[in-house]
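Heads up: the structure comes next, in structure tokens.
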């Protein structure tokens, strides 16, 4: 495997990690707020908080890891995306800042505030929507590159079916992934009321998730036929994704093997995510930038890969320790610690 | 004021705004874990619950500042790409290794901070909980180290060759360990410790001034001032080395900071003063030989002045005020913490004197001000370069429109975060004062747990 492909795969994998943990996090924040205003069982929110409290910072690092990594491995992305994304990027920063801070203010401050909960619940839902703009732009047709200047065609972006279908998919997947995880978590906590509620949410959001995915296929075939035909060549990955999805929904519907159900949800997104990513190659940005011409010098690439391996050796045991203490510790999950 | 739209100028303002806001939380984020570790360690060693409570309460406040630090750190990380895409394109080729490692260090810290906060009463052995703060301290200090090497690189770039705009011969390790790295990283890390000690000391001193003379606060003051004194001595020593670094590698930065116009032997140090319109120094204190000593450790040595450089290659002269402000506050912090230690040693009934306590309280905001002065000096002092001698600041900037609108957006954001976090922190400790918590936890006057 070439360094280029190795580099982009590692980064893509981290972005996948972010997709899963951030979805759980953002969805949980939204449900927390929703349950609060609809005066549903207080128990549910305690459960959500118990999960979120020790892990929220870790979530954020996945994201930072990705964008620092992409500048490291593909410095030319800074030039194209950096210039074009000033406004959408700044809006994402503001949303992330509000989400992270108000989560902490609400959780660690002396009282649970409705305004704080609103701010972090809603901003969490908008963050994935604003991030999808990057994926949308990468399909090409939304940038004007001339005379050494890169400008974002905001009008094209805002009136495009493709860009809006990605936004819809982002939001519904967040709610679906999060609900599927919390169903499992509530079940493990032995919290029947929360379990029933999240199971209902999961089943409720399952259908829109698959509908939005189909919409993407349809709109990408019109927006970027080249990418679409690559996707068709890799259709087995998307079919696999669909099968995982059906398996997960079946298990949750029949109240069996909830842990496995969530794993299937993760696999569903894994295969779709990598199917999308692989079919996007070699382009980082249609049609201006490919992984080959935007790649960092070889010395730096090797240094980054070595640092990455060393970092993983440090982080994986730490993450396992964190999960054993909070995620897989039955007493903690049940609120006894 | 009418200003023509210049994306580079607005990019500088926005970057300065974000960094200026972030650095407050970042400094606390690097220094406070060490103070928490010290307090918890004292608590275990002396078997004194007061110290453990101190660690616990500091940690609780710390999380709120960490949250703001994390999100503003994410903001600056993204903003560098949005505002300085041309610079980042070059930086990506040369200095992305420590940027990458910084994320790992922070990741490590974040994981253990989460564990530390939620496991206070989970282990039978108190020592085991203490051990969990060590990775937090290490992660925090290392992330400061890595990110500061990037700033050091901007001051003393090396580890690559630039031939006709093409970068070759890249050596990431040489780029990371450039001549500016030792003094810069040491200075940043130790002043984070110093500032954090003073900010925490301020809280104890303030409580005592408000009439709460509980021994808990006295212990807090003793711990923080002892630590602050040690860190301030370290700061002075490292500061001296920084002067020698500048004299060797960036003489025009030192010359601008010291208003040293003419190259000369046995150069005096200009302290304070004002600059008239025709660049005449008024009302300044001149310390003979001091600049030569600072620059080369030899009172008769030659110090290069601004006359050796073209005006478009040097920084604006107001950096002198920033530099002197930073040094003055540093001296003040050393003085106050030394006074406290002297009194506690020789004159015990003066050590909680009102004036001294006010002196400590003032040290809190002043130390943060010194951090701001220091960073603004470091950045403005490097101008006109974004990458010293290689890339001028405007060349690195975005060409995007609307940077001005983004500036206003972020002013609003930081105002909101600043106000909210102050309110939350105040409320947090007001609703649950130390005395009340000691009662709840059954901790008596001598720090024993019933």
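Chains as they are written, first to last, in my numbering: chain A, 33 to 369; chain B, 26 to 475. Virtual Cβ for every residue (Gly too), placed ideally from N, Cα, C.
Rounded separation between residue i and residue j - CA only
| i | j | result |
| --- | --- | --- |
| residue 44 (chain B) | residue 266 (chain A) | 45 Å |
| residue 281 (chain B) | residue 340 (chain B) | 6 Å |
| residue 333 (chain A) | residue 104 (chain A) | 8 Å |
| residue 312 (chain B) | residue 324 (chain B) | 11 Å |
| residue 113 (chain B) | residue 124 (chain B) | 11 Å |
| residue 179 (chain B) | residue 247 (chain A) | 47 Å |
| residue 243 (chain A) | residue 276 (chain A) | 15 Å |
| residue 127 (chain B) | residue 165 (chain B) | 9 Å |
| residue 57 (chain A) | residue 82 (chain B) | 26 Å |
| residue 243 (chain B) | residue 253 (chain B) | 15 Å |
| residue 71 (chain A) | residue 175 (chain A) | 46 Å |
| residue 233 (chain A) | residue 209 (chain A) | 10 Å |
| residue 63 (chain B) | residue 140 (chain B) | 18 Å |
| residue 418 (chain B) | residue 33 (chain B) | 8 Å |
| residue 308 (chain A) | residue 261 (chain A) | 12 Å |
| residue 294 (chain A) | residue 212 (chain A) | 6 Å |
Nearest to residue i (by Cα), restricted to the options the options
| i | options | result |
| --- | --- | --- |
| residue 271 (chain A) | A:335, A:299 and A:283 | A:299 |
| residue 321 (chain B) | B:29, B:385 and B:268 | B:268 |
| residue 224 (chain B) | B:50, B:146, B:432 and B:319 | B:50 |
| residue 145 (chain A) | A:179, A:69 and A:245 | A:69 |
| residue 402 (chain B) | B:347, B:55, B:359 and B:414 | B:347 |
| residue 153 (chain A) | A:88, A:60 and A:314 | A:60 |
| residue 131 (chain B) | B:171, B:472 and B:111 | B:171 |
| residue 455 (chain B) | B:175, B:90, B:154 and B:228 | B:228 |
| residue 317 (chain A) | A:258, A:196 and A:131 | A:258 |
| residue 435 (chain B) | A:77, A:129 and A:106 | A:129 |
| residue 94 (chain A) | B:95, B:440 and B:188 | B:95 |
| residue 447 (chain A) | A:92, A:252 and A:49 | Nothing about residue 447 (chain A) can be reported from this structure: the residues present for chain A run from 33 to 369 only. |
| residue 391 (chain B) | B:358, B:234, B:413 and B:308 | B:358 |
| residue 284 (chain B) | B:274, B:299, B:290 and B:270 | B:299 |
| residue 164 (chain A) | A:51, A:356, A:306 and A:280 | A:51 |
| residue 346 (chain A) | B:256, B:163, B:102 and B:148 | B:163 |
Cβ-based neighbour list, residue i, same chain, cut-off 7 Å, excluding 5 preceding and 5 following
| i | result |
| --- | --- |
| residue 406 (chain B) | 278, 281, 282, 340 and 344 |
| residue 318 (chain B) | 324 |
| residue 173 (chain B) | 209, 210 and 213 |
| residue 152 (chain B) | 69 |
| residue 55 (chain B) | 165, 166, 169, 214 and 217 |
| residue 142 (chain B) | 84 and 88 |
| residue 161 (chain B) | 58, 134, 137, 138 and 141 |
| residue 159 (chain A) | 58, 124, 127, 128 and 131 |
Own chain residues within Cβ distance below 8 Å of residue i, not counting five before or after
| i | result |
| --- | --- |
| residue 319 (chain A) | 172 |
| residue 185 (chain B) | 118, 119, 192, 193, 194, 195, 196 and 200 |
| residue 351 (chain A) | 90 |
Buried or exposed (CB count within 10 angstroms, at least 16 for buried), residue i
| i | result |
| --- | --- |
| residue 40 (chain B) | buried |
| residue 482 (chain B) | Outside the shown range of chain B (26 to 475) lies residue 482 (chain B), about which nothing can therefore be said. |
| residue 382 (chain B) | buried |
| residue 150 (chain B) | exposed |
| residue 342 (chain A) | exposed |
| residue 30 (chain B) | exposed |
| residue 48 (chain B) | buried |
| residue 63 (chain A) | buried |
| residue 137 (chain B) | buried |
| residue 135 (chain A) | buried |
| residue 241 (chain B) | buried |
| residue 349 (chain A) | exposed |
| residue 77 (chain B) | buried |
| residue 423 (chain B) | buried |
| residue 238 (chain B) | exposed |
| residue 388 (chain B) | buried |
Other residues of its chain near residue i: CB distance less than 6 Å, five sequence neighbours each side excluded
| i | result |
| --- | --- |
| residue 250 (chain B) | 226, 362 and 365 |
| residue 351 (chain B) | 395, 398 and 399 |
| residue 214 (chain A) | 230 |
| residue 37 (chain A) | none |
| residue 315 (chain A) | 322 |
| residue 116 (chain B) | none |
CB-CB length for residue i against residue j, believed under 8 Å
| i | j | result |
| --- | --- | --- |
| residue 226 (chain A) | residue 218 (chain A) | 4 Å |
| residue 288 (chain B) | residue 261 (chain B) | Not confirmed; about 27 Å, so no contact. |
| residue 428 (chain B) | residue 36 (chain B) | 6 Å |
| residue 316 (chain B) | residue 331 (chain B) | No, residue 316 (chain B) and residue 331 (chain B) are not in contact; Cβ-Cβ is about 13 Å, not under 8 Å. |
| residue 107 (chain B) | residue 117 (chain A) | 6 Å |
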